[in-house]
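A short write-up of the structure that comes next.
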Amino acid sequence: VQLQASGGGLVQPGGSLRLSCTAPGHIFSVFVMGWYHQAPGKQRELVASITTGGMTTYGESVKGRSTISRDVSKSTIDLQMNNLTSEDTAVYYCNAGGTSPFERWGQGTLVTVSS
Numbered sequence: 087v088q089l090q091a092s093g094g095g096l097v098q099p100g101g102s103l104r105l106s107c108t109a110p111g112h113i114f115s116v117f118v119m120g121w122y123h124q125a126p127g128k129q130r131e132l133v134a135s136i137t138t139g140g141m142t143t144y145g146e147s148v149k150g151r152s153t154i155s156r157d158v159s160k161s162t163i164d165l166q167m168n169n170l171t172s173e174d175t176a177v178y179y180c181n182a183g184g185t186s187p188f189e190r191w192g193q194g195t196l197v198t199v200s201s
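In terms of this note's numbering, the sequence shown is numbered consecutively and its last residue is 201.
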């Protein structure tokens, strides 16, 4: 199953974006869900995760600036990112599995932070 992320775009430094991803119910209700990013020339890394019980964890790069959330009724996982900087420029993906993501990756959504 490939999860498709959406909501990326061009934003100015200091701006905000909300990314969204819809997961099949049988995935959403069982697995830890996560948002990952891959900056140019760097490896993909986990930036935020949320368990089925709603417990959240954040990578140092986004901690304090981002909020991951899940909507059970819609099987969606959102990532609200605030106070964006050029360091946040990356392709963002959602996937299941948290620190051990599923092997298959969907098409991510590009976030570009630039003035």
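The beta-carbon is built from N, C-alpha and C at its ideal position, and this holds for glycine as well.
Cβ neighbours of residue i in the same chain (closer than 7 Å, five flanking residues each side left out)
i, result
"residue 99", "170, 171, 172, 199, 201"
"residue 114", "161"
Same chain, Cβ closer than 6 Å to residue i, five either side skipped, listed in chain order
i, result
"residue 194", "91, 177, 178, 179"
"residue 107", "89, 91, 163, 180"
"residue 123", "133, 176, 178"
"residue 155", "164"
Residue from the options with nearest C-alpha to residue i
i, options, result
"residue 184", "93, 138, 147", "138"
"residue 103", "182, 148, 112", "148"
"residue 166", "134, 187, 196, 124", "134"
"residue 146", "159, 156, 174", "174"
"residue 119", "129, 141, 125, 128", "141"
Beta-bridge partners of residue i, as assigned by DSSP
i, result
"residue 104", "166"
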